[in-house]
Amino acid sequence: MPIKSFRGKIADATVDTISLHTNTGSKGYRMTKFVLMPADTDADQQITVQIYTIPQLGTPSADIDFSDNTLIAAGVYNQKGDSRLYPDNMQVVFDNMVFNQDIYVTCQSVFGNSVNYYIELEQMPLAIDANTVATLKDIRNIKSLSS
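If you're matching positions, the sequence shown starts at 101 in our numbering and goes up one per residue.
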């Protein structure tokens with residue numbers, strides 16, 4: 101299956117949208133890699149990056165909730181200002197879920213830093229039933245969010 105990669109730099113308290121939707125919803129994606137790298141290698145950093153299947157309202161949160169079925173990935177990056185003395189620490193977890201709509205990358209930093217991210221998605225064709233399930237799941241999640 102083909103791999104699509106996305107990279108970007110996201111500022112504190114912002115949301116990036118990665119456009120994946122198609123008119124027919126016949127292309128599905130599964131995350132295979134998620135990496136964080138600091139934009140400033142000499143600054144104190146405590147950054148949380150999360151990826152969701154539905155748009156996030158308001159300021160992104162640093163709280164990670166694995167019971168949220170719209171959360172498909174979460175990463176935490178910590179670094180002391182002098183990286184020669186204090187090694188950086190990165191923890192990343194992502195779901196094996198198949199999705200066919202846009203995804204939303206959020207960032208929250210304790211010190212106001214921005215961070216670079218790199219995402220790899222495996223692209224796959226979806227049969228009509230898998231397409232319908234993935235699309236309905238997103239619609240149901242959006243409706244439950246607004247309730």
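All residues carry an ideal CB built from backbone N, CA and C; glycine is no exception. All of these numbers come straight from a predicted model, not from anything done at the bench.
key: the stretch 218 to 227 in contact with the stretch 154 to 166 per 3-pair CB rule at 8 Å   = Using a C-beta cut-off of 8 Å, the stretch 218 to 227 makes no contact with the stretch 154 to 166, since fewer than three inter-stretch Cβ pairs fall below that distance.
N-terminal and C-terminal residue of the beta strand (DSSP E) that Phe166 is part of = Translated into the one-based positions of the sequence shown, residue 166 becomes position 66. It is not in any beta strand (DSSP E) - Phe166 carries neither H nor E in the DSSP assignment.
inquiry  = Here's the rule I'm using: 16 or more other beta-carbon atoms within 10 Å means buried, otherwise exposed. How should Ile228 be labelled?
reply    = Numbered from its first residue, the sequence shown carries residue 228 at position 128. Ile228 is exposed by the Cβ-count criterion.
query = For the beta strand (DSSP E) that contains Gln156, what are its first and last residues?
reply = Counted from its first residue, the sequence shown places residue 156 at position 56. In this chain, Gln156 is not harboured by any beta strand (DSSP E), its DSSP state being neither H nor E.
ask   = So Val193 and Leu136 are in contact, right, with Cβ under 8 Å, and what is the actual spacing, rounded?
value = The residue given as residue 193 occupies position 93 in the sequence shown. The residue given as residue 136 occupies position 36 in the sequence shown. Your pair Val193 and Leu136 does not check out as a contact, with CB atoms roughly 12 Å apart and the cut at 8 Å.
When Arg107, Val210, Asn213 and Val198 are compared against Gln223, the one with the closest alpha-carbon = Along the sequence shown, one-based indexing puts residue 223 at 123. Ranking Arg107, Val210, Asn213 and Val198 by Cα distance to Gln223 puts Val198 first.
query = Roughly how many whole angstroms lie between the Cα atoms of Leu120 and Ser126?
reply = Taking the first residue of the sequence shown as 1, we reach residue 120 at position 20. Taking the first residue of the sequence shown as 1, we reach residue 126 at position 26. For Leu120 and Ser126, the gap between their C-alpha atoms comes out near 11 Å.
query = Taking C-alpha atoms, which residue in Pro225, Asn189 and Tyr204 lies nearest to Gln145?
reply = Taking the sequence shown and counting its residues from 1, one reaches residue 145 at position 45. For the set Pro225, Asn189 and Tyr204, the Cα lying nearest the Cα of Gln145 is the one of Asn189.
ask   = Within 10 angstroms of its Cβ, does Ile103 collect 16 or more other Cβ (buried), or is it exposed?
value = Here residue 103 corresponds to residue number 3 of the sequence shown, with the count starting at 1. Burial call: exposed.
message = Within the continuous beta strand (DSSP E) that includes Ser209, where are the two ends?
response = Within the sequence shown, numbered from 1, the residue matching residue 209 stands at position 109. Note, Ser209: beta strand (DSSP E), Ile203 to Ser209.
ask   = To which residues of the same chain is Pro187 closer than 6 Å at the C-beta, ignoring the five residues directly before and after it?
value = Residue mapping note: residue 187 aligns to position 87 of the sequence shown, counting from 1. The answer is none, since no qualifying residue turns up.
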